[in-house]
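This report refers to the structure that appears directly beneath it.
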Amino acid sequence: MALYLRILRYLRPHLGWFLLAVVATLAFAGLDAFAYVLLIPFVRALFGGDASGLPGAPEGGATAPMDRFLDATVYRLVDLEGDPLAAVQGVILLILGTFALKNLFDFVRGWLVARVEQGVTRDIRNEVYEHLLQLDLAFFGRTRTGQIISRLTHDVEQLRSLVTKQLAKLLSSFFEFAAALVLMMAISWKLTLAAFVVIPGTMAIWGPLVRKLRRGDRRVLDLAGEVSSHIQETLAGIRLVKSSGAEDLEMERFRGLTGDYFRTFVRTERWRALAAPLTEQLAAVGTVVILWYGARLVVVEQAITADLFVGFLALSLKLYAPVKFVAKFPATVQPGLVGGERVFEFLDAPAEIRTRPGARRMDGLEREIRFEGVDFAYRPDEPVLSEIDLVVPRGTVVALVGPSGAGKTTLVDLLGRFYEVSGGAITIDGVDVRDLDLRSLRDALGVVSQETVLFHDTVRANIAYGRPDADDAAVERAARAANAHDFVSAMPRGYDTVVGERGTELSGGQRQRIAIARALLRDPPILIFDEATSALDTESERLVQDAIERLLEGRTVFVIAHRLSTVQRADQIVVLEGGRIVERGRHDELLAAEGSYHRLHAMQFRADSLSGDR
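Take the sequence shown: its letter number 500 is residue 501 in the working numbering, and every next letter is one higher.
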């Protein structure tokens with residue numbers, strides 16, 4: 002119940018429209034039941050409007066509340082005492098008018114529900130997406146992309162149906178049931194009690210199935226996420242798949258996932274489908290009870306007339322449809338409830354890295370950046386960085402080198418608080434980064450990573466990403482500084498050329514220069530180049546290095562590189578091994594020391610020589 006109430010809060014912004022839908026539903030339910038009541042005057046009109054001539058007519062005239070209701074409504078509009086054919090035609094016109102009005106309210110109800118439904122879907126997706134953007138990188142490191150996409154799409158669809166469509170159907174069923182019940186009681190309270198004989202059994206059928214369906218629906222949604230994850234991973238790595246000849250392997254893995262999904266879905270739907278015919282059979286039993294007892298009331302006890310019994314029978318058939326829906330409701334809503342649980346798992350995931358109350362705004366870098374005894378671990382007892390002490394004066398270039406896994410990228414990630422230090426502190430001009438406004442801190446950083454990220458948009462939009470207010474002149478200046486202007490100008494539509502998904506229309510070197518231009522446009526005091534030249538050919542690397550050289554003045558630059566030739570002119574080279582700083586100094590000093598840097602340099606020199614020989 003708590004879960005369902007939490008889901009229903011998404012109706013709050015749309016409550017006015019939903020209440021209008023409820024009013025339309027109420028009118029629809031009343032008119033729907035009234036249309037079946039009109040069978041009573043229709044039958045009576047066939048007998049010349051005289052109830053005393055019908056089977057079961059009690060002596061002294063009809064006294065059922067339904068007769069009094071009809072006397073006050075229908076019989077004021079249709080003259081049953083005159084020509085029988087004219088009376089029948091009059092009742093038929095009433096039936097047509099009632100159905101037309103009922104269908105009008107049905108249209109209004111459907112339109113209003115659809116409006117609320119899409120509004121709820123938009124709000125849920127926006128809330129989940131906004132929260133995802135606030136979560137830390139650690140969350141995305143442990144959560145598969147396909148699962149995230151599945152919860153934003155498939156799970157939200159399930160949740161949407163539960164908040165609006167299923168709730169609207171539940172209310173409609175309640176109103177239809179109430180309207181039919183009131184009119185049936187107006188005909189005969191004895192027959193109404195007989196109609197309720199099988200309803201407890203109908204409700205009881207679904208009790209044992211709900212738990213099975215809950216587990217099954219949860220597994221179905223989990224497997225749907227796994228299928229999405231597999232598709233996303235395969236498409237992202239399609240070049241590797243094809244170059245490795247792994248199409249059959251991936252197809253076999255995909256068949257396994259879709260097979261599991263198929264079997265779980267069918268098994269769950271088998272239980273869901275089982276209750277429908279059982280409920281239908283109980284409804285048939287109830288109808289038989291009404292037919293038998295109703296015939297006795299008409300023929301033997303003469304408690305009601307035949308025309309009232311016909312109307313009651315029609316209403317009883319209307320009664321079982323809402324009863325069946327309400328009985329099935331606990332099982333019907335299971336996919337929505339499970340979808341809600343999965344969506345709320347994301348919404349409840351804490352964003353651990355936030356701006357603290359009273360945080361200071363970072364307006365620039367005046368003196369230095371300090372790493373003071375910094376420790377970090379992604380998981381307890383598995384340290385990634387240990388006892389890092391490093392001072393980076395303003396306007397200097399610091400190169401971080403070392404083998405893969407040494408912690409170079411993690412070190413600069415800690416500077417931008419993409420992760421939080423496990424021990425020690427990082428300060429900027431003496432202020433702990435945890436005491437700085439998070440947005441202003443990250444605005445001070447320009448990052449060009451090893452994996453270039455471009456969006457399916459124009460070159461201009463990709464360069465201006467993060468600074469959408471930048472004018473064309475500023476975009477062009479950044480592109481020129483990154484040595485990207487010439488190749489962009491040569492493209493079919495220049496800066497308005499769409500680069501394709503993940504920049505597939507560009508070469509690796511072009512993508513890197515676009516990313517550098519993006520970082521430069523932000524004009525940050527701190528630049529971070531994380532393997533920024535690793536994917537470039539010699540000419541592209543030279544162009545990027547020229548751009549970097551022109552931009553060093555007045556900026557603090559962190560350069561992470563495997564190619565030691567790109568960092569030889571750095572003011573300070575820091576060598577990391579096993580998460581610790583093992584050496585630091587300038588290029589010539591470190592070579593003369595014949596330590597770790599000398600060993601890395603010699604290994605790379607031999608590798609480059611062998612590559613050149615080939």
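For glycine and all other residues, C-beta sits at the position ideal for the given N, C-alpha and C.
This structure is a prediction, so every number in the text was calculated from the model and none was measured.
Query raised in the report: Considering only C-alpha positions, which residue in the set Ile125, Leu136 and Arg355 is nearest to Leu442?
Result: Arg355
Query raised in the report: Got a sec, what are the start and stop residues for the alpha helix (DSSP H) Val476 sits in?
Result: Asp473 to Ala482 is the span of the alpha helix (DSSP H), which, as asked, contains Val476.
Query raised in the report: Going by beta carbon distance, what residues of the same chain come within less than 6 Å of Val290, once the five residues before and after it are set aside?
Result: Ala195 and Val198
Query raised in the report: Quick one: what does DSSP say Arg126 is sitting in, helix, strand or coil?
Result: helix
Report task. Within 10 angstroms of the Cβ of Gln569, are there 16 or more other Cβ atoms? Answer buried if so, exposed if not. Result -> With fewer than 16 Cβ atoms within 10 Å of its Cβ, Gln569 is classed as exposed.
**Report entry** Given Phe175 as reference, the closest of Ala73, Arg523 and Phe29 once Cα atoms are compared
**Finding:** Phe29
Query raised in the report: How would you label Asp1, buried or exposed, when you count the other beta carbons within 10 angstroms and need 16 or more for buried?
Result: Past the edges of the chain, shown from 2 to 615, lies residue 1, and the structure says nothing about it.
Query - Distance between Asp572 and Gly596 (C-alpha atoms, nearest Å) - result: 19 Å
Query - Pairwise C-alpha distance: Leu401 and Ala562 - result: 7 Å
Query raised in the report: Relative to the C-alpha of Ile149, which residue among Leu222, Leu102, Trp190 and Lys166 is closest?
Result: Leu222
Requested in this report: Check whether the Cβ atoms of Phe35 and Leu184 sit closer than 9 Å, and answer yes or no.
Outcome: yes
**Report entry** Thr411 versus Ile527, Asp547, Thr288 and Arg581, residue with shortest Cα-Cα distance
**Finding:** Arg581
Report task. Return the CA-CA distance between His486 and Glu248, expressed in angstroms with no decimal places. Result -> 39 Å
Query - Integer Cβ distance of Leu4 from Glu234, believed to fall under 8 Å - result: With a beta-carbon spacing of about 31 Å, Leu4 and Glu234 fall beyond the 8 Å limit used to define contacts.
Query - Within 9 Å, strictly: CB atoms of Leu1 and Asp308 - result: Missing from the structure shown is residue 1; the chain here goes from 2 to 615 and no further.
Query raised in the report: Residue range of the alpha helix (DSSP H) that Pro336 falls in?
Result: Gln335 to Leu348
Query raised in the report: Closest to Ala407 by CA distance: which of Asp470, Glu253, Val583 and Val434 is it?
Result: In terms of Cα proximity to Ala407, the closest of Asp470, Glu253, Val583 and Val434 is Val583.
Query raised in the report: Hey, would you say Val399 sits closer than 9 Å to Glu369, going by beta carbons?
Result: no
Query raised in the report: With a Cβ-Cβ cutoff of 9 Å, do Pro525 and Leu446 count as a contact?
Result: yes
Query - Burial state of Gly61 (16 or more Cβ within 10 Å) - result: Its pLDDT being 44, under 50, Gly61 is placed unreliably in this model, and the coordinates cannot settle the point.
Query raised in the report: So is Ala520 buried or exposed if we call it buried at 16+ other beta carbons inside 10 Å?
Result: buried
**Report entry** Nearest residue (CA-CA) to Leu20, options Val109, Leu163, Leu320 and Leu97
**Finding:** Val109
Report task. Report the option in Val499, Val129, Tyr37 and Glu118 whose CA atom is closest to the CA atom of Gly98. Result -> Tyr37
Report task. Can you have a look at Met252 and say buried or exposed, based on whether 16 or more other CB atoms are within 10 angstroms of its CB? Result -> When all chains shown are included, Met252 counts as exposed.
Query - CB of Val344 within 9 Å of CB of Val157, strictly - result: yes
Query - Rounded straight-line distance, which links the Cα of Glu128 to that of Leu134 - result: 10 Å
**Report entry** Cα-Cα separation, His15 to Val121
**Finding:** 8 Å
Report task. Note the first and the last residue of the continuous beta strand (DSSP E) segment covering Asp531. Result -> Ile527 to Asp531
Report task. Would you mind stating whether Ile517 and Val460 have Cβ atoms separated by less than 9 Å? Result -> no
Requested in this report: Look at Val489 and His457 and say whether their C-beta atoms are less than 9 Å apart.
Outcome: no
Query raised in the report: DSSP beta-bridge partners for Ala426?
Result: DSSP, once it has assigned bridges, lists Glu373 as partnering Ala426.
Requested in this report: Would you give the residue range spanned by the alpha helix (DSSP H) that Glu158 belongs to?
Outcome: Val157 to Ser162
Requested in this report: State whether the segment 163-171 contacts the segment 291-311, with contact taken as three or more CB pairs (one from each stretch) at a distance under 8 Å.
Outcome: no
Report task. Go through its chain and collect everything with a Cβ distance to Val92's Cβ below 7 Å, but skip five positions before and after it. Result -> Leu39, Pro42, Phe43, Ala46 and Val79
Query raised in the report: Mind checking whether Leu250 and Ile8 have CB atoms under 9 Å apart?
Result: Not in contact: Leu250 and Ile8 (Cβ atoms no closer than 9 Å).
Report task. Identify which residue in Asp473, Arg268, Pro381 and Thr397 has its Cα closest to the Cα of Val560. Result -> Distance check between Val560 and each of Asp473, Arg268, Pro381 and Thr397 places Thr397 closest, using alpha-carbon atoms only.
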